[in-house]
């Protein structure tokens with residue numbers, strides 16, 4: 523069994539109160555998960571915390587700073603937001619951190635994101 527936590531990042535990039543409300547909701551839900559019954563925890567939102575493209579690079583850094591420790595402390599396994607990475611926590615490779623996964627930007631009004639924010643060899647991706 524798997525539990526998905528889906529929340530918004532659109533207001534999170536501008537309003538810390540919005541982050542706190544989501545944090546309280548997520549903390550309450552995570553505290554009630556029985557990992558022996560539900561071994562997989564997946565969180566998802568739009569703007570990525572970790573990616574190598576300039577288009578969204580650190581766009582919601584305030585949300586990452588506020589919420590990443592919570593996801594880490596409850597052992598969230600996968601974060602779906604942008605591109606696949608190795609297990610990452612606080613911009614470092616970490617075997618206990620979640621894997622971040624790319625699904626794509628179909629129909630994105632901003633056009634294709636092709637400029638990298640970091641040199642590919644410096645990014646935490648495979």
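In our numbering, the protein residues as written are 523 to 648.
The beta-carbon is built from N, C-alpha and C at its ideal position, and this holds for glycine as well.
Fair warning: this is a prediction, and the values are worked out from it, not measured in the lab.
The residue from 600, 611, 614 with its alpha-carbon nearest to that of residue 563 is 600.
Judged by DSSP in its simplified three-state form, residue 571 adopts coil rather than helix or strand. In chain order, 596 place their CB closer than 6 Å to the CB of residue 552, counting only its own chain and leaving out the 5 sequence neighbours on each side. Looking at 557, 571, 550, the one whose alpha-carbon comes closest to that of residue 621 is 571. Shown here, residue 525 sits in a strand according to DSSP, grouped into three states. Nearest neighbour of residue 613 by Cα position, chosen from 580, 592, 598, turns out to be 580. Going by DSSP, residue 564 is part of the beta strand (DSSP E) stretching over 562-566. DSSP places residue 601 within a strand segment (E or B) once states are collapsed to three. The C-beta separation of residue 590 from residue 541 comes to about 11 Å, leaving the pair out of contact by the 8 Å criterion.
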